[in-house]
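Student: Here you go, one structure.
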Amino acid sequence: MPVGYWCPVLHAHLPYVRHPEYPAFMEEDWFFEALTETYVPIVRVLDGLLRDGVDYRLTMTLSPPLVSMMTDELLIARYHRHLDALVELARREIQRTRHWQPQFQELAHFYHDEFRDVRSIFRDVYGSNLVGAFRKHRDAGKLEIITCGATHGFLPLMDPVPQAVRAQVHVAAQHYKRHFGRDAEGIWLPECGYLPGHEVYLKEVGLRFSFLESHGLTDAHPRPSFGVHAPIVSPGGIVFFARDMESSRQVWSAESGYPGDFDYREFYKDIGFELPMSDLKEFLPDGERKNIGIKYHRVTGRGTDLGSKQPYVRAWAMEKAARHAGNFLANRQRQVQHLAGSHGRPPIVVSPYDAELYGHWWFEGPQFLDYLFRKMHHDQDVVKPVTPSEYLRLHPDLEVCQPPMCTWGADGYAEVWLNASNDWIYPHLDMAAERMVELARRYERPSETEWRALNQAARELLLAQSSDWAFIMKTNTTVEYAKKRTRDHIARFDYLYRSLTGQCPLEPGILREFEERDNVFPEVDYRVYR
Amino acid sequence: MPGLSDEDQIRAAKYLPRELPKRLFEEERFLFPESYGQNRIRLLVRDPEWIFAYWDVKPESLEQLAKSLGERALALSRLTLRVVDPVSGGASDILLPPGARWWYVRTDAARRTYRAELGITLPSGQFRRLAESNTVVTPRVGPSAERARRRMSYRAAGELAPADAAAALQTEREADLAAEPWTAESVDGAAAPPGTKGRTPRGGASDAFRPGGASDTFRR
């Protein structure tokens, strides 16, 4: 038996962004970038580990919007186009750098090989079905896939209309079963947002465990004996694991985290902003510069301005990823040995991260994980990777404690999603939820058109509730888009509500247009709001 | 960026670019509702120190008041947010400025449960209620003074039916509210765990706070 366990959790999520009404849409790039830099590279790492007999364990959320996008024909076709363009651009970069920037020649070749490899894995190995790739690793018993809120709605702020919380959980659970062929055992509460009492909705669909920020356990009542290093069960019968801050900081910290190492790739210096527009015009169809994913520089130094960044050396970065994996493992060994002495049982160190941190933000992150799992498997037996359900079967005896409201946002509560930049959305989200409940109760036997309109109203509400919109408004990234999404979904919901309550006619053409645009959850049943 | 952790800022890299030229989106044909014409008020818990109240007012309610009181009396009346503690009593009135649609209310360290009423304070001082909110409970902060003793197996947890879970959670909530508040100092030797958040009371107003609005004291 190992001295202790390490439970890595990658939370993979993007909001549902799909715009058939435009030939190309900038925010769809979020998904394409994450596929190219995170999701496919992670699948490649897992494939390698499985092939080489490395006994890894990983837990991943695949959020319902992400799974929906991964299985959407339009987005898949657009991603093929995106990948082909990337490969072509990298090919041209080989030519260009040969004459004009020979110091980047090797890197241009690297990108060309990398994009072709990603394309081959996505298109040829998995037939454009990345959900199937993750399912393969789940079926091998190495990967535990958990679900999330249906559209990553921030549940604590939905509490005034309990049916809205219930629908986020129920729709997600049904979606999971449809795509993964069985019930989910665990759920990632969006933004780790927990409010006491929400366990009931999880119980209703057979969910059994979730995760909290550290103070969810350290502030629980009564006080858990093992801090954050053993799960607890709430009086409502849901098991909660909590985040270990030490292992989190090693990766997340802007000051001391691994991704800030000077040899790693610089995120912000991209040829999309460096090359003349004439070299990029086919890749920038609307003429606006954007990140493309070809970056030739390394972090270089703390505070180094973008103009002074030095060339990226892939071999140095790989060497550093291996050293960081060794350092991370040594720290986990020391940590579990220290904890085991006071626990009398093997401690579990839970390390949740946004999946997109690995690869998209920290380009070398997937290789770090690869090295780490291999070292953990071959070099020692002090700490073993584990999934939550596996740990619970090994150590089913749990203390009963009630966690307080908590989230993983700044300061640990709801301020990131409720502040002067985004508070205006809550009266509308709340009213729409209340009206959805009213519609669900009013319509016992709807006509076929009413049935479709009711289900579409549910989709519009769910899409408006994505916590991403409030987060973007606070972090000041694509704010106009986040506002547009909130307003559009609320406005469409409002039209459907007025139609269904006899205040205006329901135009079949408009309903069809809504269904085609906002086509998430084709199986949704509005009665979930009763 | 204020109000964001390192992680929040890194997470924001999923949603770039930050600087965009103004874009013209396809015009949305459906109007965004600015108001819903109902008397209603809701509370949300933001953190242990702040709750958020938002409301809507039915225009007909004000018209009726104007009829019964007269235009002048109505003009001298103020829309008022009354925050009450339904467990241990006490209330605090916030006279709202014209046009306010929501308010951040500072919580009181000595209490946890809040409900709000939206109403009109007449020139006579009389309060006419228009709507009543949901009840919210703010989270406890800091480690509990009591050590966990009760245990449950993973299997038993799985077998707990939703209705039994709801009943158990309700019992827990009542016991929690009946218990004395605790502080980190009152705990039997437990040090505050490293890296825990939200412990430092933020002095003054938050970035969202509307000066002059919130009340720190309850009237009994």
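The listed protein sequences derive, respectively, from chains A and B. Heads up: the first sequence at position 439 corresponds to 439 in this note's numbering, and the numbers run straight through without jumps. Heads up: the second sequence at position 61 corresponds to 61 in this note's numbering, and the numbers run straight through without jumps. Glycine included, each C-beta is placed from N, C-alpha and C at the ideal position.
1. If you pair each beta-carbon of the stretch 490-508 of chain A with each one of the stretch 428-448 of chain A, do three or more pairs fall below 8 Å?
2. From which residue to which residue does the alpha helix (DSSP H) around GLU172 of chain B run?
3. When the cut-off is 9 Å and only beta carbons count, does VAL105 of chain B lie next to chain A?
4. DSSP three-state call for VAL233 of chain A: helix, strand or coil?
5. Which of the three DSSP states is assigned to SER92 of chain B in this structure?
6. In whole angstroms, what separates the C-alpha of ALA172 of chain A from that of THR151 of chain A?
7. Which residues share a DSSP beta bridge with ARG128 of chain B?
8. Buried or exposed: which applies to GLY257 of chain A, given that a residue is buried once 16 or more other Cβ atoms fall within 10 Å of its Cβ?
9. Helix, strand or coil: how does DSSP classify HIS13 of chain A here?
10. Between the stretch 110-130 of chain B and chain A, which residues of the former have a C-beta closer than 9 Å to a C-beta of the latter?
11. Under the three-state reduction of DSSP, which class applies to HIS112 of chain A: helix, strand or coil?
12. If the cut is a Cβ gap below 7 Å, which residues of chain A does ASN39 of chain B touch?
13. Let me make sure I understand the geometry here. Which of A:GLU415, A:ARG166, A:GLY509, A:CYS148 has the alpha-carbon closest to that of GLU49 of chain B?
14. Is GLN9 of chain B close to chain A, meaning its C-beta is less than 9 Å from at least one C-beta of that chain?
15. Could you please tell me which residues of the stretch 377-405 of chain A, in chain order, have their CB closer than 8 Å to any CB of chain B?
16. For LYS22 of chain B and ARG81 of chain A, what's the separation of their Cα atoms in angstroms?
17. Interface residues of chain B around ILE187 of chain A at Cβ under 9 Å?
18. Please state whether the Cβ-Cβ distance between LYS290 of chain A and TYR312 of chain A is less than 9 Å.
19. Got a sec, what are the start and stop residues for the beta strand (DSSP E) PRO311 of chain A sits in?
20. Checking contacts by CB at 9 Å: is TYR584 of chain A closer than that to chain B?
21. Along the stretch 79-105 of chain B, where does the CB come closer than 8 Å to a CB of chain A? Name the residues.
22. What residue does the beta strand (DSSP E) around THR59 of chain A start on, and which one ends it?
23. Could you list which residues in chain B have their beta carbon closer than 8 Å to that of PRO346 of chain A, in chain order?
24. Leaving out five residues before and five after TRP469 of chain A in sequence, what residues of the same chain have Cβ atoms less than 6 Å from its Cβ?
25. Can you tell me whether MET1 of chain A is buried or exposed? The criterion is at least 16 other CB atoms within 10 Å of its CB, across all chains shown.
26. Please confirm whether ALA223 of chain B has its beta-carbon closer than 9 Å to some beta-carbon of chain A.
27. Between the C-alpha atoms of SER308 of chain A and LEU275 of chain A, what's the straight-line distance to the nearest angstrom?
28. Please classify MET1 of chain B as buried or exposed, where buried requires at least 16 neighbouring CB atoms within 10 angstroms.
29. DSSP three-state label for ALA140 of chain A, please.
30. Does the beta carbon of GLY237 of chain A come closer than 9 Å to any beta carbon on chain B?
31. Along the beta strand (DSSP E) that carries TRP50 of chain B, what are the first and last residues, could you check?
32. Could you tell me if CYS406 of chain A is buried or exposed, where buried requires 16 or more neighbouring beta carbons within 10 angstroms of its beta carbon?
33. Closer than 7 Å by beta-carbon distance: list the chain B residues that pair up with TYR495 of chain A, in chain order.
34. Starting from GLU434 of chain A, follow the alpha helix (DSSP H) in both directions and report where the run begins and ends.
35. So for ALA491 of chain A, helix, strand or coil by DSSP?
36. Taking the straight line between their C-alpha atoms, what separation do you get for LYS535 of chain A and TRP30 of chain A?
Tutor: Reading off the structure:
1. These segments touch.
2. Per DSSP, GLU172 of chain B is one residue of the alpha helix (DSSP H) stretching across 162-178.
3. It does not; no Cβ of chain A falls within 9 Å.
4. Judged by DSSP in its simplified three-state form, VAL233 of chain A adopts strand.
5. In the three-state reduction of the DSSP assignment, SER92 of chain B falls in the strand class.
6. Take the alpha-carbon of ALA172 of chain A and the one of THR151 of chain A: they are about 8 Å apart.
7. The beta-bridge partner set that DSSP reports for ARG128 of chain B consists of B:ILE120.
8. When all chains shown are included, GLY257 of chain A counts as buried.
9. In the structure shown, HIS13 of chain A sits in coil (DSSP, three-state: anything other than H, G, I, E or B).
10. Of all residues in the stretch 110-130 of chain B, none places a beta-carbon less than 9 Å from a beta-carbon of chain A.
11. Annotated three-state conformation of HIS112 of chain A is helix, per DSSP.
12. Identification of chain A residues near ASN39 of chain B by a Cβ-Cβ cut-off of 7 Å yields none; the smallest Cβ-Cβ distance measures about 13 Å.
13. Checking every option, the nearest Cα to that of GLU49 of chain B belongs to A:GLU415.
14. Cβ-Cβ to chain A under 9 Å: yes for GLN9 of chain B.
15. Cβ contacts with chain B: LEU392, ARG393, PRO396, ASP397, LEU398, GLU399, VAL400, CYS401, GLN402, PRO404, MET405.
16. Taking the straight line joining both Cα atoms gives about 26 Å.
17. Those within 9 Å of ILE187 of chain A in chain B number zero; the least Cβ separation is about 14 Å.
18. Not a contact, by the Cβ cut-off of 9 Å.
19. In the DSSP assignment, PRO311 of chain A falls outside any beta strand (DSSP E) and carries neither an H nor an E.
20. No answer is possible for residue 584 of chain A: it lies beyond the span of chain A, which begins at 1 and ends at 530.
21. Residues passing the 8 Å Cβ filter: ARG101, TRP102.
22. Unbroken beta strand (DSSP E) run through THR59 of chain A: 58-62.
23. Near PRO346 of chain A there are no residues of chain B at all, since even the closest Cβ is about 15 Å away, more than 8 Å.
24. Counting only Cβ-Cβ distances below 6 Å, and skipping sequence neighbours, we find ALA482, ARG485, THR486.
25. Exposed, by the Cβ-count rule.
26. Residue 223 of chain B lies beyond the range of chain B shown here (1 to 220); nothing can be said about it.
27. A direct Cα-to-Cα measurement between SER308 of chain A and LEU275 of chain A gives close to 16 Å.
28. So MET1 of chain B counts as exposed.
29. Residue state, collapsed to three classes: coil.
30. With 9 Å as the cut-off, GLY237 of chain A counts as an interface residue toward chain B.
31. Note, TRP50 of chain B: beta strand (DSSP E), 50-56.
32. With 16 or more other Cβ atoms from the protein chains shown falling within 10 Å of its own Cβ, CYS406 of chain A counts as buried.
33. Simply PHE30.
34. 425-442 is the span of the alpha helix (DSSP H), which, as asked, contains GLU434 of chain A.
35. Note: ALA491 of chain A maps to helix in three-state DSSP.
36. Look at the range of chain A in this structure, 1 to 530, and you will see that residue 535 of chain A is not part of it.
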